[in-house]
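Novice: This is the structure, below, for whatever I ask next.
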Amino acid sequence: MKLSPWSRAALAALAVAACGGPAKVGTRPSWRTQTHQHKKSATQPPRMVEFAPTGAAVERYNGPPVTAAPSDPLADRIVDAMRDAAEQAGMPAPVADGRLFAAARDLAAVVPENTPIQYPAVEFALQRHGIIEPSPHLMVIWGPIDDPQAIMEQLVTRIPEILQAGPFTRIGVGSAMRGKDGQGAAILALQTSSIETDPIPRALPAGGSTKLHGRVHAPYQNPQLFVTRENGDVDELPVSGSGGEFRASLSCDQRQGRQQVEITAVDEHGSTVLANFPVWCGESPPTSMRIEYDPRDAETLSAADAEKRLLDLVNADRAQFGLPALVPDPAVAAVARAHSQEMYETGVVAHISPRTGSAADRVKAVHIVTPVVLENVARAYGVVEAEQGLMNSPGHRANILSKDATNIGVGVVVGEEVAGRRELFITQVFTFKGGKVDPVAAVAQVRKAISGVSMASEDPQLSRLAQHQADEVASGVTPADSTKHTSARANAEGLPGRYSRVSTAVIPVPKVSAFQPNKIFDAKITNYGVGIAQGPNPTLGDNAIYIVLLIAVRR
Numbered sequence: 006m007k008l009s010p011w012s013r014a015a016l017a018a019l020a021v022a023a024c025g026g027p028a029k030v031g032t033r034p035s036w037r038t039q040t041h042q043h044k045k046s047a048t049q050p051p052r053m054v055e056f057a058p059t060g061a062a063v064e065r066y067n068g069p070p071v072t073a074a075p076s077d078p079l080a081d082r083i084v085d086a087m088r089d090a091a092e093q094a095g096m097p098a099p100v101a102d103g104r105l106f107a108a109a110r111d112l113a114a115v116v117p118e119n120t121p122i123q124y125p126a127v128e129f130a131l132q133r134h135g136i137i138e139p140s141p142h143l144m145v146i147w148g149p150i151d152d153p154q155a156i157m158e159q160l161v162t163r164i165p166e167i168l169q170a171g172p173f174t175r176i177g178v179g180s181a182m183r184g185k186d187g188q189g190a191a192i193l194a195l196q197t198s199s200i201e202t203d204p205i206p207r208a209l210p211a212g213g214s215t216k217l218h219g220r221v222h223a224p225y226q227n228p229q230l231f232v233t234r235e236n237g238d239v240d241e242l243p244v245s246g247s248g249g250e251f252r253a254s255l256s257c258d259q260r261q262g263r264q265q266v267e268i269t270a271v272d273e274h275g276s277t278v279l280a281n282f283p284v285w286c287g288e289s290p291p292t293s294m295r296i297e298y299d300p301r302d303a304e305t306l307s308a309a310d311a312e313k314r315l316l317d318l319v320n321a322d323r324a325q326f327g328l329p330a331l332v333p334d335p336a337v338a339a340v341a342r343a344h345s346q347e348m349y350e351t352g353v354v355a356h357i358s359p360r361t362g363s364a365a366d367r368v369k370a371v372h373i374v375t376p377v378v379l380e381n382v383a384r385a386y387g388v389v390e391a392e393q394g395l396m397n398s399p400g401h402r403a404n405i406l407s408k409d410a411t412n413i414g415v416g417v418v419v420g421e422e423v424a425g426r427r428e429l430f431i432t433q434v435f436t437f438k439g440g441k442v443d444p445v446a447a448v449a450q451v452r453k454a455i456s457g458v459s460m461a462s463e464d465p466q467l468s469r470l471a472q473h474q475a476d477e478v479a480s481g482v483t484p485a486d487s488t489k490h491t492s493a494r495a496n497a498e499g500l501p502g503r504y505s506r507v508s509t510a511v512i513p514v515p516k517v518s519a520f521q522p523n524k525i526f527d528a529k530i531t532n533y534g535v536g537i538a539q540g541p542n543p544t545l546g547d548n549a550i551y552i553v554l555l556i557a558v559r560r
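Below you can see the structure in the form of structure tokens.
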């Protein structure tokens, strides 16, 4: 994603629950759990499981025909019970979707008995059956699969609680025998969709391309598309269309491998991930995957320990791409922690809060001055799962790998136990805090930037005046007053006799590399002077860099 973080529009409000979620980003009720007819096993899941579903995968996302939902005694009873309960509650009943049935069946064959199934496995199952929306609500029921009545006895008391997280668009049910005694796992999957698209190929030939056309449903609007390339870079795709419609093009060009596409849109809670799916360039989509259960996620962590581990994981991901580690900021962490606490209390994982507004509002409210505010939010069952989920989302990945962020605050609140693990409500806030710069090196960097766009020569007299003005501005003199002082000095030193025009530009930047000389220099300018000083700025913070340029046209 190409960000311009030095403006007030820098806030990246891209939210997704790291373990998936329905249309309201990250909402996940406590019923995403497992119930048991028999005693739960005390053993840990295997470290790695091969997930290789049988049957052919689809070639296109959202491609016709949509498979009809299979009929079996257990699935029929669950679907009927959910439909009847929805009608009694005055809610639209979810529609049986054969794709979701197939994904639930695949997952039932590998879901571990004592821990939530990993988010990448849920994504894999959905995508091989052509579903682009994020992970659905899942309920895993353990018991005698060939005895629907026994399964329904566990489920029926939970249905009202389940419906509170609705309304749901789709329903799927899948089951698999997992023992010789007839015991097994049944999975109820419920999904909300707020997007529709034309069919999208899951794979493209080398150098191929495809059109992405669709629309988002109210209350969502202003769709945006992002893609994580096979090398880890994140790009924003140009989008056309009005209202909720979008049109974009995804091209392989010289790329090979996985291109992770994300479609977001905005509602009152901020930006929401409505779709997240891979398209493979010059390769066939994989037919199997390894589900890795990281033992660190099975540990019971305090909020403080979880925050530290998430910080370590963020910086490990940055190190893989040659980026400097982010410095923890306790004040920003307090902001993140307070937002996680609110998400825990409300059950809604989102960027925009009716209490506190946006991340930028929350940072400003505690008098933190920074030109960059980026935020990731998630609800997960382990720190490794959370970080992997965020890195798999192009928008969140761009925040973690931002070249403009220097500091981070991580806030975690530990929630209820789900299938032997505690829910984690997570907020990551990324900011920029400038440090002291070497003025000699900074001036040299500015000179180099100017030489790349202009043939103008530096005038030592102009530079001396520019440095004087830079020192004034950094000490608190307003740019307007300091410019008047500089004009008086220039007149006293006879500069009007040498130059037909001398103009002054005062440019505050958070770092020297943000200076853009092409916006200042034109072909008429023959000479310039440059001065640099550091001081407080109401937008950029205490160590803002003031670049003062005197640009002149020789007579």
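Basically my numbering = 1-based index in the sequence shown + 5.
C-beta: ideal position from N, C-alpha, C; glycine also.
#1: How close, in whole Å, do the beta carbons of Y386 and P204 come, if the pair is a contact with beta carbons under 8 Å?
#2: Quick check on Q93: buried or exposed, where buried means 16 or more other Cβ atoms within 10 Å of its Cβ?
#3: Is there contact between the segment 498-513 and the segment 439-455, where contact requires at least three CB pairs shorter than 8 Å?
#4: Check the DSSP bridge columns for R384 and list the partner residues they point to.
#5: Let me know the secondary structure DSSP gives Y5 once reduced to three states.
#6: Where does the unbroken beta strand (DSSP E) through A471 begin, and where does it stop?
#7: Secondary structure at V161, three-state DSSP: helix, strand or coil?
#8: Say whether the segment 391-398 touches the segment 312-321, bearing in mind that this needs 3 or more beta-carbon pairs closer than 8 Å, one atom from each stretch.
#9: Between which two residues does the beta strand (DSSP E) holding A538 run?
#10: Can you give me the C-alpha to C-alpha distance between A101 and Y124, rounded to a whole angstrom?
#11: Straight-line CA distance for N542 to Y551?
#12: Which residue comes first and which comes last in the alpha helix (DSSP H) that contains D366?
#13: Which value, in whole angstroms, describes the spacing of the CA atoms of S140 and A336?
#14: Tell me, please, whether the CB atom of P139 is closer than 8 Å to any CB atom in chain D?
#15: Got a sec? Which residues, its chain only, sit under 6 Å from L315 by beta carbon, not counting five neighbours each side?
#16: Which residues mark the beginning and the end of the alpha helix (DSSP H) in which V127 is found?
#17: In the DSSP assignment, find the alpha helix (DSSP H) that holds F106 and state where it starts and stops.
#18: Using only the alpha-carbon positions, how far apart do F173 and L195 sit?
#19: In or out: P78 buried (at least 16 other Cβ within 10 Å) or exposed?
#20: Could you please give the first and the last residue of the uninterrupted alpha helix (DSSP H) stretch that includes M87?
#21: Taking the runs of the alpha helix (DSSP H) that are 4 residues or longer, which of them lie wholly in the segment 286-357?
#22: Is the segment 177-194 touching the segment 104-123, taking contact as three or more C-beta pairs under 8 Å?
#23: Considering A493, what are the terminal residues of the alpha helix (DSSP H) in which it resides?
#24: Let me check understanding here. Comparing Cα to Cα, which of E380, R384, R427 and G420 lies closest to N572?
#25: Can you have a look at L545 and say buried or exposed, based on whether 16 or more other CB atoms are within 10 angstroms of its CB?
#26: Measure from the alpha carbon of G400 to the alpha carbon of each residue in Q159, A270, D81 and F129, then state which is nearest.
#27: Would you mind working out which of G262, L193 and G148 sits nearest V84, comparing C-alpha positions?
#28: By Cβ distance, which residues of its chain are closer than 7 Å to R234, with the 5 residues on each side in sequence left out?
#29: Given this structure, state the Cα-to-Cα distance separating T436 from V378, to the nearest angstrom.
#30: Counting beta carbon pairs with one atom in the segment 275-295 and one in the segment 136-152, are three or more of them shorter than 8 Å?
#31: Please tell me whether A113 and A190 are closer than 8 Å, where the distance is taken between their beta carbons.
#32: Evaluate K96 with the Cβ neighbour count: other Cβ atoms within 10 Å of its Cβ, from every protein chain shown; 16 or more gives buried, anything less gives exposed.
#33: According to DSSP, which residues form a beta bridge with M53?
#34: Using the DSSP secondary-structure output, state which residues sit across from Q196 in a beta bridge.
#35: Please list the terminal residues of the continuous beta strand (DSSP E) segment that includes L255.
#36: Given this structure, state the Cα-to-Cα distance separating A211 from V478, to the nearest angstrom.
Specialist: According to the structure shown:
#1: In the sequence shown, the residue the question calls residue 386 occupies position 381. In the sequence shown, the residue the question calls residue 204 occupies position 199. Wrong, their Cβ atoms sit about 33 Å apart, outside the cutoff.
#2: Position 88 of the sequence shown, counted from the start, is the residue given in the question as residue 93. Exposed, because fewer than 16 other Cβ atoms sit within 10 Å of the Cβ of Q93.
#3: no
#4: Mapped onto the sequence shown, residue 384 falls at position 379. DSSP, once it has assigned bridges, lists F430 as partnering R384.
#5: Here the chain has residues from 6 to 560 only, and residue 5 is not among them.
#6: Your numbering for residue 471 matches position 466 in the sequence shown. No beta strand (DSSP E) holds A471; the alpha helix (DSSP H) holding it covers P465 to A479.
#7: Mapped onto the sequence shown, residue 161 falls at position 156. Note: V161 maps to helix in three-state DSSP.
#8: yes
#9: In the sequence shown, counting from the first residue as 1, residue 538 sits at position 533. From DSSP, the beta strand (DSSP E) with A538 extends over N532 to N542.
#10: In the sequence shown, residue 101 corresponds to position 96, counting from 1. In the sequence shown, residue 124 corresponds to position 119, counting from 1. Using only the alpha carbons, I get a separation of about 22 Å.
#11: Looking up residue 542 in the sequence shown gives position 537. Looking up residue 551 in the sequence shown gives position 546. One C-alpha to the other measures close to 9 Å.
#12: Stepping through the sequence shown from its first residue, residue 366 is reached at position 361. From DSSP, the alpha helix (DSSP H) with D366 extends over A364 to A370.
#13: Your numbering for residue 140 matches position 135 in the sequence shown. Your numbering for residue 336 matches position 331 in the sequence shown. If I take the Cα positions, the gap works out to 33 Å.
#14: This model lacks chain D altogether, as it is built from one protein chain only.
#15: Position 310 of the sequence shown, counting from 1, holds the residue named residue 315. Same-chain partners within the cutoff: V388 and V415.
#16: Along the sequence shown, one-based indexing puts residue 127 at 122. Unbroken alpha helix (DSSP H) run through V127: Y124 to R133.
#17: Counting from 1 along the sequence shown, the entry for residue 106 is found at position 101. G103 to A113 is the extent of the alpha helix (DSSP H) around F106.
#18: Position 168 of the sequence shown, counted from the start, is the residue given in the question as residue 173. Position 190 of the sequence shown, counted from the start, is the residue given in the question as residue 195. Straight-line Cα distance between these residues: approximately 6 Å.
#19: Indexing the sequence shown from 1 puts residue 78 at position 73. Result: exposed.
#20: The count along the sequence shown starts at 1 and reaches residue 87 at position 82. M87 -> alpha helix (DSSP H) spans P78 to Q93.
#21: 308-325 and 335-351
#22: yes
#23: Sequence index remark: in the sequence shown, residue 493 carries index 488 (1-based). Here the alpha helix (DSSP H) through A493 covers P484 to A497.
#24: No answer is possible for residue 572: it lies beyond the span of the chain, which begins at 6 and ends at 560.
#25: Reading the sequence shown from its first residue, position 540 is the one you call residue 545. So L545 counts as buried.
#26: If you number the sequence shown from 1, residue 400 lands on position 395. Residue A270 is the option with its Cα nearest to G400.
#27: As a first step, residue 84 must be located in the sequence shown, where it is residue number 79. Comparing Cα positions, the closest option is L193.
#28: Here residue 234 is taken as the residue at index 229 of the sequence shown, counted from 1. Excluding positions up to five away in sequence, the list reads D240, R260 and Q264.
#29: For the purposes of this step, residue 436 is taken as the residue at position 431 of the sequence shown. For the purposes of this step, residue 378 is taken as the residue at position 373 of the sequence shown. Their backbone Cα atoms lie some 5 Å apart in a straight line.
#30: yes
#31: As a first step, residue 113 must be located in the sequence shown, where it is residue number 108. As a first step, residue 190 must be located in the sequence shown, where it is residue number 185. A contact, by the Cβ cut-off of 8 Å.
#32: Here residue 96 refers to the residue found at position 91 when the sequence shown is read from its first residue. Per the sequence shown, residue 96 should be read as Met rather than Lys. Under this definition M96 is an exposed residue.
#33: Translated into positions along the sequence shown, residue 53 becomes position 48. For M53, which the question treats as bridged, DSSP gives the partners E297.
#34: As a first step, residue 196 must be located in the sequence shown, where it is residue number 191. Paired residue(s): R175.
#35: Within the sequence shown, residue 255 is the residue found at index 250, counting from 1. E250 to S256 is the span of the beta strand (DSSP E), which, as asked, contains L255.
#36: Walking along the sequence shown from the start, residue 211 turns up at place 206. Walking along the sequence shown from the start, residue 478 turns up at place 473. One C-alpha to the other measures close to 55 Å.
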